[in-house]
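All letters in the sequence shown, in the order written, are residues 94 to 209 by our numbering. Note that beta-carbon positions come from the ideal geometry of N, C-alpha and C, so glycine has one too. Below: the structure, in structure tokens.
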Amino acid sequence: TLELKLTPALVLLRSTLEQLQEKDTAKIFSQPVNLSEVPDYLEFISKPMDFSTMRTKLEGHGYCSISDLERDFDLMISNCLKYNSKDTLFHKTALQLREVGGAVLRHAQRQYQSIG
Ligand SMILES: CC(=O)c1c[nH]c2ccccc12
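What follows is the structure, encoded as structure tokens:
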């Protein structure tokens, strides 16, 4: 389509972020961790990250490549693995999302290279 010709990178980044967010079926990563509900969160996590923050950054041209997007995805996952102990559903969900998200990102990287 015309859009793909004009801004292929942005279209591909947006589609990749949407595919990653679809995998978060429990929607635990949709919004920032609520710091009033979780008052000690910033004692453990220096750089919070979530999908809504990533979306805003993407629309503001904050990502230049798939690996830029992957960096914030990995940050979001590692924050969750750090804050939530191994026996929690949040921790197990993050491990699962890391695997399925990795496959999404590998495919997107190949597409990104192909549009030049
Ligand atoms: C993604 C994540 O760590 C969390 C998502 N929602 C939360 C609520 C309390 C504590 C942590 C979280």
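Assumed close pair residue i, residue j - CB separation to whole angstroms, cut-off 8 Å
| i | j | result |
| --- | --- | --- |
| L110 | M147 | 6 Å |
Span separating the alpha-carbon of residue i from that of residue j
| i | j | result |
| --- | --- | --- |
| K140 | I208 | 32 Å |
| P132 | L113 | 28 Å |
| Q202 | E130 | 37 Å |
| L182 | L188 | 10 Å |
| S123 | F144 | 5 Å |
| K179 | R191 | 15 Å |
| L174 | H184 | 5 Å |
| D161 | L106 | 10 Å |
| P101 | E152 | 14 Å |
Range covered by the alpha helix (DSSP H) that runs through residue i
| i | result |
| --- | --- |
| Y156 | That residue, Y156, is in no alpha helix (DSSP H); it is neither H nor E in DSSP. |
| F137 | 134 to 137 |
| V193 | 182 to 208 |
| L128 | L128 -> no alpha helix (DSSP H), and no H or E assigned at all. |
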